[in-house]
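The sequence shown begins at 363 in my numbering and counts up one residue at a time.
By construction, the Cβ of each residue, glycine as well, lies at the ideal position given by its N, Cα and C atoms.
All values derive from a computational prediction rather than experimental measurement.
For reference, the structure discussed in these notes is given below.
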Amino acid sequence: MTECQAAVLREVGRPMAVERIRLGPLAPGDVLVKVAAASLCHTDLEVIEGQLGLRLPAVLGHETAGHVAALGEGVTSLSVGDPVVLSWNPHCGHCFHCSRGQPILCEPFLANGPKALHFDGRPRLACDDGGTLHQLMYLGGFSEYVVVPAQQAVRVPAAIPPDRACLLGCAVMTGFGGATHVARIEWGMTVMVIGTGAVGLAAVQGARLAGAGRIIAVDPNPARRAMAERAGAAVLCDPRAEDPVALAKSLTAGRGADVVLEAAGVPAGFRLSVEAVRAGGQVVWLGKVGVQEEVAFRWGALMQEKRITRSSYGGARPAEDFPAMAQAWLDGRLDLDSLITGRISLPEVNEGFAALKRGEAIRSVVMFA
(Lines of atoms letter the chains of each structure in order from A and count residues from 1; the text may use other names and numbers.)
(Lines give C-alpha, C1' and ligand atoms only; values in the text may rest on other atoms or scores of the structure.)
Protein backbone atom coordinates (compact mmCIF):
# COMPACT_ATOMS: atom_id res chain seq x y z
CA MET A 1 0.00 0.00 0.00
CA THR A 2 1.37 3.40 -1.08
CA GLU A 3 0.32 6.71 0.43
CA CYS A 4 0.59 10.05 -1.33
CA GLN A 5 -0.95 13.49 -1.77
CA ALA A 6 -3.78 14.10 -4.26
CA ALA A 7 -6.32 16.81 -5.08
CA VAL A 8 -9.71 15.33 -4.13
CA LEU A 9 -13.11 16.58 -5.29
CA ARG A 10 -15.74 15.78 -2.67
CA GLU A 11 -18.62 18.02 -3.76
CA VAL A 12 -19.71 19.49 -7.10
CA GLY A 13 -19.14 23.21 -7.29
CA ARG A 14 -16.67 23.21 -4.41
CA PRO A 15 -12.88 23.52 -4.55
CA MET A 16 -10.74 20.42 -4.49
CA ALA A 17 -8.63 19.81 -1.40
CA VAL A 18 -5.17 18.28 -1.24
CA GLU A 19 -5.50 15.16 0.91
CA ARG A 20 -3.55 12.10 1.89
CA ILE A 21 -4.77 9.06 -0.08
CA ARG A 22 -3.91 5.36 -0.31
CA LEU A 23 -3.09 3.39 -3.46
CA GLY A 24 -2.88 -0.30 -4.24
CA PRO A 25 -2.04 -3.01 -3.75
CA LEU A 26 -1.04 -3.68 -7.36
CA ALA A 27 -3.01 -6.44 -9.04
CA PRO A 28 -1.55 -8.55 -11.86
CA GLY A 29 -1.17 -6.38 -14.93
CA ASP A 30 -1.06 -3.10 -12.99
CA VAL A 31 1.67 -0.50 -12.93
CA LEU A 32 2.35 2.20 -10.36
CA VAL A 33 3.29 5.51 -11.99
CA LYS A 34 4.96 8.40 -10.20
CA VAL A 35 3.32 11.45 -11.75
CA ALA A 36 5.60 14.22 -13.00
CA ALA A 37 3.05 16.48 -14.74
CA ALA A 38 -0.72 16.63 -15.24
CA SER A 39 -2.50 19.31 -17.24
CA LEU A 40 -5.93 20.85 -16.68
CA CYS A 41 -8.62 20.00 -19.25
CA HIS A 42 -12.18 21.24 -19.82
CA THR A 43 -13.47 17.71 -19.13
CA ASP A 44 -12.15 18.02 -15.57
CA LEU A 45 -13.89 21.39 -15.30
CA GLU A 46 -17.16 19.83 -16.46
CA VAL A 47 -16.96 17.40 -13.53
CA ILE A 48 -16.21 20.18 -11.06
CA GLU A 49 -19.23 22.16 -12.27
CA GLY A 50 -21.56 19.16 -12.39
CA GLN A 51 -22.04 19.11 -16.17
CA LEU A 52 -20.46 15.65 -16.31
CA GLY A 53 -21.62 13.30 -13.58
CA LEU A 54 -18.95 11.41 -11.64
CA ARG A 55 -19.10 9.42 -8.45
CA LEU A 56 -17.48 11.32 -5.59
CA PRO A 57 -15.13 11.64 -3.84
CA ALA A 58 -12.79 11.44 -6.82
CA VAL A 59 -9.38 12.35 -8.11
CA LEU A 60 -9.60 14.18 -11.46
CA GLY A 61 -6.93 14.66 -14.11
CA HIS A 62 -6.41 12.62 -17.27
CA GLU A 63 -3.59 14.35 -19.20
CA THR A 64 -0.72 12.80 -17.31
CA ALA A 65 2.94 11.91 -17.71
CA GLY A 66 5.41 10.36 -15.30
CA HIS A 67 7.71 7.41 -14.68
CA VAL A 68 6.98 3.78 -13.87
CA ALA A 69 7.59 3.24 -10.15
CA ALA A 70 6.54 -0.40 -9.72
CA LEU A 71 5.21 -3.30 -11.77
CA GLY A 72 2.41 -5.71 -10.99
CA GLU A 73 2.75 -9.40 -11.59
CA GLY A 74 3.04 -10.38 -15.24
CA VAL A 75 3.95 -6.96 -16.63
CA THR A 76 6.79 -7.40 -19.11
CA SER A 77 6.17 -4.54 -21.55
CA LEU A 78 7.56 -1.88 -19.18
CA SER A 79 10.44 -1.43 -16.76
CA VAL A 80 10.77 0.59 -13.58
CA GLY A 81 11.96 4.08 -14.50
CA ASP A 82 10.40 4.15 -17.97
CA PRO A 83 9.01 7.60 -18.93
CA VAL A 84 5.35 7.20 -19.85
CA VAL A 85 2.30 9.12 -21.03
CA LEU A 86 -1.01 7.77 -19.79
CA SER A 87 -3.97 7.00 -22.06
CA TRP A 88 -7.53 7.30 -20.72
CA ASN A 89 -8.82 4.62 -23.12
CA PRO A 90 -7.93 1.16 -21.80
CA HIS A 91 -9.66 -1.54 -23.81
CA CYS A 92 -10.12 -5.29 -23.69
CA GLY A 93 -9.09 -6.01 -27.29
CA HIS A 94 -11.68 -8.71 -27.94
CA CYS A 95 -15.23 -7.36 -27.45
CA PHE A 96 -17.55 -6.56 -30.38
CA HIS A 97 -16.12 -3.06 -30.92
CA CYS A 98 -12.48 -3.81 -30.14
CA SER A 99 -12.50 -6.64 -32.66
CA ARG A 100 -13.69 -4.11 -35.25
CA GLY A 101 -10.92 -1.63 -34.56
CA GLN A 102 -12.98 0.73 -32.36
CA PRO A 103 -11.30 0.61 -28.92
CA ILE A 104 -12.95 3.89 -27.93
CA LEU A 105 -16.22 1.90 -27.87
CA CYS A 106 -14.81 -1.06 -25.90
CA GLU A 107 -17.69 -2.61 -23.96
CA PRO A 108 -15.87 -3.01 -20.61
CA PHE A 109 -14.47 0.53 -21.04
CA LEU A 110 -17.95 2.01 -21.46
CA ALA A 111 -19.49 -0.18 -18.76
CA ASN A 112 -16.91 0.55 -16.08
CA GLY A 113 -16.36 4.24 -16.87
CA PRO A 114 -19.44 5.47 -14.96
CA LYS A 115 -18.26 3.54 -11.90
CA ALA A 116 -15.15 5.76 -11.86
CA LEU A 117 -13.00 2.90 -10.66
CA HIS A 118 -10.21 0.85 -12.21
CA PHE A 119 -10.68 -0.76 -15.64
CA ASP A 120 -11.64 -4.07 -13.99
CA GLY A 121 -14.38 -2.30 -12.00
CA ARG A 122 -12.52 -2.54 -8.68
CA PRO A 123 -11.00 0.38 -6.75
CA ARG A 124 -7.27 1.02 -6.53
CA LEU A 125 -7.55 4.25 -4.55
CA ALA A 126 -8.84 4.91 -1.05
CA CYS A 127 -9.31 7.96 1.12
CA ASP A 128 -7.15 8.26 4.20
CA ASP A 129 -10.03 6.87 6.28
CA GLY A 130 -10.26 3.82 4.01
CA GLY A 131 -13.35 4.92 2.05
CA THR A 132 -13.45 4.28 -1.72
CA LEU A 133 -11.91 7.02 -3.83
CA HIS A 134 -12.92 7.23 -7.48
CA GLN A 135 -10.86 8.02 -10.60
CA LEU A 136 -11.84 10.18 -13.56
CA MET A 137 -11.39 8.38 -16.87
CA TYR A 138 -9.49 5.49 -15.27
CA LEU A 139 -6.66 7.83 -14.23
CA GLY A 140 -6.93 10.43 -11.47
CA GLY A 141 -3.77 12.25 -12.50
CA PHE A 142 -3.92 15.04 -9.90
CA SER A 143 -2.03 12.75 -7.56
CA GLU A 144 1.61 12.07 -6.81
CA TYR A 145 1.08 8.43 -7.85
CA VAL A 146 -1.52 6.59 -9.95
CA VAL A 147 -2.27 2.91 -10.52
CA VAL A 148 -3.26 1.94 -14.07
CA PRO A 149 -3.32 -1.16 -16.28
CA ALA A 150 0.01 -1.56 -18.07
CA GLN A 151 -1.63 -0.86 -21.43
CA GLN A 152 -2.48 2.68 -20.30
CA ALA A 153 1.17 3.56 -19.64
CA VAL A 154 2.83 4.23 -23.00
CA ARG A 155 6.60 4.58 -23.08
CA VAL A 156 7.86 7.75 -24.79
CA PRO A 157 11.36 9.07 -25.52
CA ALA A 158 13.13 10.15 -22.31
CA ALA A 159 14.19 13.44 -23.91
CA ILE A 160 10.67 14.93 -23.96
CA PRO A 161 9.97 16.84 -20.72
CA PRO A 162 6.90 15.65 -18.78
CA ASP A 163 5.10 19.01 -18.97
CA ARG A 164 5.04 18.69 -22.76
CA ALA A 165 4.53 14.94 -22.76
CA CYS A 166 1.36 15.07 -20.64
CA LEU A 167 -0.40 17.14 -23.31
CA LEU A 168 -0.18 14.20 -25.69
CA GLY A 169 -2.54 12.15 -23.53
CA CYS A 170 -5.77 13.93 -24.47
CA ALA A 171 -5.92 17.33 -26.19
CA VAL A 172 -3.07 16.88 -28.64
CA MET A 173 -4.03 13.29 -29.45
CA THR A 174 -7.64 14.35 -30.05
CA GLY A 175 -6.87 17.29 -32.32
CA PHE A 176 -3.84 15.89 -34.12
CA GLY A 177 -5.49 12.49 -34.57
CA GLY A 178 -8.74 14.11 -35.67
CA ALA A 179 -6.86 15.67 -38.57
CA THR A 180 -4.56 12.77 -39.44
CA HIS A 181 -6.53 9.62 -38.54
CA VAL A 182 -10.19 10.57 -38.74
CA ALA A 183 -10.41 13.27 -41.43
CA ARG A 184 -7.70 11.65 -43.56
CA ILE A 185 -6.61 14.99 -44.96
CA GLU A 186 -4.92 14.73 -48.33
CA TRP A 187 -2.29 16.86 -49.98
CA GLY A 188 -3.55 20.29 -51.05
CA MET A 189 -6.95 20.18 -49.30
CA THR A 190 -8.59 23.27 -47.85
CA VAL A 191 -9.20 22.66 -44.14
CA MET A 192 -11.16 24.75 -41.66
CA VAL A 193 -10.58 24.44 -37.91
CA ILE A 194 -13.28 25.98 -35.71
CA GLY A 195 -11.98 26.88 -32.25
CA THR A 196 -8.26 27.17 -31.56
CA GLY A 197 -7.82 26.09 -27.99
CA ALA A 198 -5.54 23.15 -27.21
CA VAL A 199 -7.50 20.66 -29.36
CA GLY A 200 -7.94 23.08 -32.25
CA LEU A 201 -4.29 24.12 -32.30
CA ALA A 202 -3.30 20.46 -32.39
CA ALA A 203 -5.75 19.96 -35.27
CA VAL A 204 -4.15 22.86 -37.17
CA GLN A 205 -0.74 21.23 -36.75
CA GLY A 206 -2.07 17.82 -37.75
CA ALA A 207 -3.62 19.32 -40.88
CA ARG A 208 -0.36 21.07 -41.75
CA LEU A 209 1.73 17.92 -41.34
CA ALA A 210 -0.84 15.94 -43.35
CA GLY A 211 -0.26 18.26 -46.30
CA ALA A 212 -3.25 20.62 -46.24
CA GLY A 213 -2.88 23.28 -48.89
CA ARG A 214 -4.73 25.98 -46.97
CA ILE A 215 -5.87 26.02 -43.32
CA ILE A 216 -8.56 28.43 -42.15
CA ALA A 217 -8.64 29.06 -38.39
CA VAL A 218 -11.90 30.40 -36.96
CA ASP A 219 -11.87 31.88 -33.45
CA PRO A 220 -13.18 35.13 -31.92
CA ASN A 221 -10.09 35.43 -29.70
CA PRO A 222 -7.32 37.39 -31.49
CA ALA A 223 -4.55 35.88 -29.36
CA ARG A 224 -5.65 32.38 -30.26
CA ARG A 225 -5.94 33.25 -33.93
CA ALA A 226 -2.35 34.47 -33.76
CA MET A 227 -1.33 31.16 -32.20
CA ALA A 228 -3.16 29.32 -34.97
CA GLU A 229 -1.22 31.31 -37.55
CA ARG A 230 2.06 30.30 -35.92
CA ALA A 231 0.83 26.69 -35.90
CA GLY A 232 0.25 26.74 -39.66
CA ALA A 233 -3.06 28.45 -40.43
CA ALA A 234 -2.78 30.63 -43.52
CA VAL A 235 -6.21 32.29 -43.21
CA LEU A 236 -7.59 33.71 -39.96
CA CYS A 237 -11.27 34.45 -39.37
CA ASP A 238 -12.97 36.35 -36.59
CA PRO A 239 -16.55 34.99 -36.83
CA ARG A 240 -17.90 38.14 -35.18
CA ALA A 241 -16.62 40.27 -38.05
CA GLU A 242 -16.66 37.95 -41.06
CA ASP A 243 -18.83 35.10 -42.31
CA PRO A 244 -16.66 31.93 -42.22
CA VAL A 245 -18.90 30.18 -44.74
CA ALA A 246 -18.55 32.97 -47.30
CA LEU A 247 -14.81 33.06 -46.65
CA ALA A 248 -14.42 29.31 -47.24
CA LYS A 249 -16.41 29.50 -50.46
CA SER A 250 -14.45 32.51 -51.70
CA LEU A 251 -11.25 30.48 -51.42
CA THR A 252 -12.58 27.36 -53.15
CA ALA A 253 -14.45 28.53 -56.23
CA GLY A 254 -17.70 28.48 -54.30
CA ARG A 255 -17.44 24.88 -53.06
CA GLY A 256 -16.54 25.21 -49.36
CA ALA A 257 -13.83 23.57 -47.29
CA ASP A 258 -12.82 19.99 -48.07
CA VAL A 259 -12.56 19.20 -44.35
CA VAL A 260 -13.95 21.03 -41.31
CA LEU A 261 -12.82 20.16 -37.79
CA GLU A 262 -15.02 21.55 -35.01
CA ALA A 263 -13.01 22.03 -31.81
CA ALA A 264 -14.94 24.84 -30.10
CA GLY A 265 -17.62 22.71 -28.49
CA VAL A 266 -20.47 25.18 -28.92
CA PRO A 267 -23.76 24.81 -30.85
CA ALA A 268 -22.84 27.62 -33.24
CA GLY A 269 -19.59 25.81 -34.06
CA PHE A 270 -21.37 22.58 -34.92
CA ARG A 271 -23.84 24.41 -37.15
CA LEU A 272 -21.02 26.30 -38.85
CA SER A 273 -19.12 23.08 -39.54
CA VAL A 274 -21.83 21.59 -41.75
CA GLU A 275 -22.52 24.88 -43.53
CA ALA A 276 -18.86 25.53 -44.38
CA VAL A 277 -17.94 22.09 -45.72
CA ARG A 278 -18.29 21.36 -49.42
CA ALA A 279 -20.64 18.80 -50.95
CA GLY A 280 -19.08 15.39 -50.37
CA GLY A 281 -16.67 16.83 -47.81
CA GLN A 282 -15.73 15.60 -44.34
CA VAL A 283 -16.82 17.08 -40.99
CA VAL A 284 -15.14 15.92 -37.79
CA TRP A 285 -16.67 16.96 -34.49
CA LEU A 286 -14.00 17.07 -31.78
CA GLY A 287 -15.76 19.51 -29.46
CA LYS A 288 -18.73 18.64 -27.30
CA VAL A 289 -21.68 20.16 -25.46
CA GLY A 290 -23.59 18.79 -22.49
CA VAL A 291 -24.82 15.25 -23.08
CA GLN A 292 -28.44 16.34 -22.64
CA GLU A 293 -28.09 19.52 -24.68
CA GLU A 294 -29.76 19.71 -28.10
CA VAL A 295 -28.16 21.20 -31.20
CA ALA A 296 -30.35 22.19 -34.18
CA PHE A 297 -29.29 22.18 -37.84
CA ARG A 298 -30.65 23.41 -41.14
CA TRP A 299 -31.51 20.16 -42.89
CA GLY A 300 -30.18 21.32 -46.22
CA ALA A 301 -26.74 21.77 -44.67
CA LEU A 302 -26.61 18.04 -43.90
CA MET A 303 -27.33 16.92 -47.45
CA GLN A 304 -25.12 16.46 -50.55
CA GLU A 305 -23.24 13.38 -49.31
CA LYS A 306 -21.44 15.21 -46.51
CA ARG A 307 -19.72 12.83 -44.08
CA ILE A 308 -20.02 13.72 -40.41
CA THR A 309 -17.98 11.93 -37.73
CA ARG A 310 -17.91 12.49 -33.99
CA SER A 311 -14.48 11.62 -32.55
CA SER A 312 -13.69 11.55 -28.84
CA TYR A 313 -9.99 10.68 -29.06
CA GLY A 314 -8.85 11.33 -32.61
CA GLY A 315 -8.81 7.67 -33.61
CA ALA A 316 -6.08 7.17 -31.02
CA ARG A 317 -3.56 4.35 -31.25
CA PRO A 318 -1.65 5.41 -28.14
CA ALA A 319 1.11 2.81 -28.32
CA GLU A 320 2.09 4.12 -31.77
CA ASP A 321 0.84 7.71 -31.65
CA PHE A 322 2.28 8.93 -28.34
CA PRO A 323 5.91 8.05 -29.18
CA ALA A 324 5.50 9.37 -32.73
CA MET A 325 4.10 12.72 -31.55
CA ALA A 326 6.82 12.96 -28.91
CA GLN A 327 9.42 12.42 -31.62
CA ALA A 328 7.74 15.06 -33.78
CA TRP A 329 8.21 17.53 -30.89
CA LEU A 330 11.83 16.48 -30.53
CA ASP A 331 12.32 17.02 -34.28
CA GLY A 332 10.76 20.50 -34.13
CA ARG A 333 7.76 19.54 -36.26
CA LEU A 334 5.12 19.65 -33.49
CA ASP A 335 4.77 22.66 -31.20
CA LEU A 336 3.70 21.77 -27.66
CA ASP A 337 5.44 24.58 -25.79
CA SER A 338 3.03 27.33 -26.82
CA LEU A 339 0.05 25.34 -25.51
CA ILE A 340 1.31 25.72 -21.94
CA THR A 341 -0.08 28.87 -20.36
CA GLY A 342 1.51 28.25 -16.98
CA ARG A 343 3.03 25.71 -14.62
CA ILE A 344 1.47 25.41 -11.17
CA SER A 345 1.75 23.35 -8.01
CA LEU A 346 -0.87 20.87 -6.82
CA PRO A 347 -2.29 23.26 -4.17
CA GLU A 348 -2.84 25.83 -6.97
CA VAL A 349 -5.09 23.49 -9.01
CA ASN A 350 -8.32 25.35 -8.13
CA GLU A 351 -6.86 28.66 -9.28
CA GLY A 352 -5.78 26.93 -12.48
CA PHE A 353 -9.32 25.81 -13.21
CA ALA A 354 -10.66 29.29 -12.49
CA ALA A 355 -8.29 30.66 -15.14
CA LEU A 356 -9.39 27.94 -17.57
CA LYS A 357 -13.04 28.86 -17.02
CA ARG A 358 -12.30 32.55 -17.62
CA GLY A 359 -10.67 31.66 -20.94
CA GLU A 360 -7.27 32.90 -19.79
CA ALA A 361 -5.49 29.55 -20.06
CA ILE A 362 -5.04 27.02 -22.82
CA ARG A 363 -3.25 24.48 -20.64
CA SER A 364 -2.02 24.95 -17.08
CA VAL A 365 0.20 22.08 -16.01
CA VAL A 366 0.51 20.80 -12.44
CA MET A 367 4.17 20.01 -11.84
CA PHE A 368 5.10 17.40 -9.24
CA ALA A 369 8.47 17.31 -7.51
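Compute the Euclidean distance between the alpha carbons of Asp525 and Val447, then round it to the nearest angstrom. The sequence position of residue 525 within the sequence shown is 163, counting from 1. The sequence position of residue 447 within the sequence shown is 85, counting from 1. Distance between Asp525 and Val447, taken at the CA atoms: about 10 angstroms.
Do Lys650 and Gly631 come within 8 angstroms of each other at the CB atom, strictly closer than that value? Translated into the one-based positions of the sequence shown, residue 631 becomes position 269. Translated into the one-based positions of the sequence shown, residue 650 becomes position 288. Going by C-beta atoms, Gly631 is not nearer than 8 angstroms to Lys650.
Just checking Glu381 against the ligand MG - is the residue's beta carbon closer than 7 angstroms to any of the ligand's heavy atoms? Annotation note on the ligand MG: not contained in the displayed structure, which lists no ligands.
From Arg617 to Arg546, what distance separates their C-alpha atoms? Position 255 of the sequence shown, counted from the start, is the residue given in the question as residue 617. Position 184 of the sequence shown, counted from the start, is the residue given in the question as residue 546. So the alpha carbons of these two residues sit roughly 19 angstroms apart.
How long is the line joining the alpha carbons of His543 and Pro452, rounded to whole angstroms? Looking up residue 543 in the sequence shown gives position 181. Looking up residue 452 in the sequence shown gives position 90. Between the alpha carbons of His543 and Pro452 lies a gap of roughly 19 angstroms.
Compute the distance between the beta-carbons of Gln689 and Arg669, then report whether it is under 8 angstroms. As a first step, residue 689 is located in the sequence shown; it is residue number 327 there, counting from the start. As a first step, residue 669 is located in the sequence shown; it is residue number 307 there, counting from the start. Result no, Cβ atoms of Gln689 and Arg669 do not sit closer than 8 angstroms.
Are three or more beta carbon pairs between the region 404 to 412 and the region 380 to 390 nearer than 8 angstroms? Three or more beta-carbon pairs separated by less than 8 angstroms are not found between the region 404 to 412 and the region 380 to 390, which leaves the two stretches without contact.
Mind checking which residues open and close the alpha helix (DSSP H) that includes Ser461? Here residue 461 refers to the residue found at position 99 of the sequence shown. It is not in any alpha helix (DSSP H) - Ser461 carries neither H nor E in the DSSP assignment.
Length of the line joining the Cα atoms of Asp697 and Ala560: One-based indexing of the sequence shown puts residue 697 at position 335. One-based indexing of the sequence shown puts residue 560 at position 198. Pairing Asp697 with Ala560, the inter-Cα distance amounts to about 11 angstroms.
What residue ranges within the region 534 to 594 form continuous alpha helix (DSSP H) runs of no fewer than 4 residues, ordered along the chain? As summarised for the region 534 to 594, the continuous alpha helix (DSSP H) elements at least 4 residues long and confined to that stretch are 560 to 572 and 584 to 593, given in chain order.
Expected contact under 8 angstroms - CB spacing of Pro504 and Leu648 to nearest Å: Numbered from 1 along the sequence shown, position 142 holds the residue referred to as residue 504. Numbered from 1 along the sequence shown, position 286 holds the residue referred to as residue 648. Note that residue 504 is Phe in the sequence shown here, rather than Pro. With 8 angstroms as the limit, Phe504 and Leu648 do not qualify as a contact, their Cβ atoms being about 24 angstroms apart.
From Thr558, Val516, Gly428 and Val621, residue whose alpha carbon lies closest to that of Leu598: Working through the sequence shown from its first residue, we reach residue 598 at position 236. Distances from the alpha-carbon of Leu598 to those of Thr558, Val516, Gly428 and Val621 put Thr558 closest.
Can you tell me where the alpha helix (DSSP H) with Ile410 in it begins and where it stops? As a first step, residue 410 is located in the sequence shown; it is residue number 48 there, counting from the start. Per DSSP, Ile410 is one residue of the alpha helix (DSSP H) stretching across His404 to Glu411.
Excluding the 5 residues preceding and the 5 following Gly677 in the sequence, name in chain order all residues of the same chain whose CB lies nearer than 7 angstroms to its CB. Here residue 677 is taken as the residue at index 315 of the sequence shown, counted from 1. Exclusion of the five residues before and after Gly677 leaves Gly539, His543 and Val544 as the residues of its chain whose Cβ lies within less than 7 angstroms of its Cβ.
Excluding the five sequence neighbours on either side, which residues of its own chain have a C-beta within less than 7 angstroms of the C-beta of Ala520, listed in chain order? Counting from one through the sequence shown, the residue named residue 520 turns up at place 158. For Ala520, where only same-chain residues beyond five positions count, the Cβ hits under 7 angstroms are Pro445.
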